[in-house]
Ligand code: ATP
Ligand code: AMP
Ligand code: MG
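In my numbering, the protein residues as written are 5 to 198.
This is the structure in structure tokens:
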């Protein structure tokens with residue numbers, strides 16, 4: 005049986021997707037719902053390790069043709085995951101050496117078949133600050149202009165994803181120190197469905 009809600013969540017590196025989604029899944033599970041967080045990059049990393057990739061922040065450094073194969077096989081695996089709520093923690097765009105590359109091209113959207121499309125955003129300055137403070141990851145340094153541009157391109161891919169799948173789209177702001185508000189907003193958005 006397909007999951008009732010398959011929520012694709014994208015946003016720039018360091019915006020707080022995993023933080024917000026962990027909280028949302030915890031809240032749903034505490035409410036006796038079946039909810040799973042699937043980190044697209046972790047599914048890719050499982051396979052990428054066989055190619056010698058050591059950590060998640062090195063995947064985007066591979067040639068795009070290799071990333072594309074990993075992306076396709078990850079989407080296939082994810083499409084088999086079933087729960088009342090499946091949250092897919094991913095990116096609308098990836099910064100590769102060959103340029104910005106779509107995280108959700110049409111075949112991947114078809115495979116995942118989302119019911120909801122969400123873009124997590126935060127002010128540019130906060131994204132910079134979060135990346136600098138988070139020593140667990142190797143995120144790129146980018147100027148505020150580059151980050152602003154990527155937010156705009158992500159919005160464009162969100163619109164394409166919504167138009168292609170027919171799923172509603174929503175921008176959720178993850179303001180500083182207020183991840184709980186972002187969690188509540190996402191849960192509220194999904195209430196229309198249950
Ligand atoms: P990536 O795409 O690289 O995996 P992400 O979007 O999943 O990034 P997180 O790892 O969830 O981002 O968060 C990045 C950092 O920002 C973490 O150190 C996290 O604790 C912090 N953070 C997340 N949300 C907030 C918030 N609302 N206020 C302050 N700090 C936050
Ligand atoms: P994350 O933990 O969300 O930062 O994911 C780790 C890495 O996985 C990202 O930096 C990308 O290289 C890769 N990744 C995540 N989602 C996708 C996707 N939909 N398509 C291609 N690569 C992705
Ligand atoms: Mg994350």
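Where a beta carbon is used, it is the ideal one built from N, C-alpha and C, also for glycine. The structure presented is a predicted model; accordingly, all values stated were derived computationally and were not measured.
Length of the line joining the Cα atoms of residue 167 and residue 20: Here residue 167 is taken as the residue at index 163 of the chain shown, counted from 1. Here residue 20 is taken as the residue at index 16 of the chain shown, counted from 1. One C-alpha to the other measures close to 25 Å.
Proximity of residue 123 and residue 158 at Cβ, strictly below 8 Å: Translated into positions along the chain shown, residue 123 becomes position 119. Translated into positions along the chain shown, residue 158 becomes position 154. Contact flag set, yes.
Whole-Å CB distance - residue 148 paired with residue 132, under 8 Å assumed: As a position in the chain shown, residue 148 is number 144, starting the count at 1. As a position in the chain shown, residue 132 is number 128, starting the count at 1. Yes, they are in contact, since the Cβ atoms of residue 148 and residue 132 sit about 7 Å apart, within 8 Å.
Residue 81 vs residue 47 beta-carbon contact at 8 Å: For this step, residue 81 is matched to residue 77 along the chain shown. For this step, residue 47 is matched to residue 43 along the chain shown. Cβ distance < 8 Å, so residue 81 and residue 47 count as in contact.
Residue of 62, 139, 178 minimising C-alpha distance to residue 101: Residue mapping note: residue 101 aligns to position 97 of the chain shown, counting from 1. Of 62, 139, 178, the residue nearest in Cα terms is 62.
Whole-number beta carbon distance between residue 33 and residue 92, since they are thought to touch under 8 Å: Position 88 of the chain shown, counting from 1, holds the residue named residue 92. Position 29 of the chain shown, counting from 1, holds the residue named residue 33. Going by Cβ atoms, the distance from residue 92 to residue 33 rounds to 17 Å, so no, they are not a contact pair.
Beta-carbon proximity of residue 119 to residue 107, cut-off 8 Å: Reading the chain shown from its first residue, position 115 is the one you call residue 119. Reading the chain shown from its first residue, position 103 is the one you call residue 107. Not closer than 8 Å, so no.
Candidates 103, 193, 125, 190, of which the one nearest residue 180 by Cα: Taking the first residue of the chain shown as 1, we reach residue 180 at position 176. Minimum Cα distance to residue 180 is reached at 125.
Rounded straight-line distance, which links the Cα of residue 156 to that of residue 29: Position 25 of the chain shown holds residue 29. Position 152 of the chain shown holds residue 156. If I take the Cα positions, the gap works out to 28 Å.
Closer than 7 Å: residue 17 CB and nearest the ligand ATP heavy atom: Position 13 of the chain shown holds residue 17. At least one heavy atom of the ligand ATP is nearer than 7 Å to the Cβ of residue 17, so yes.
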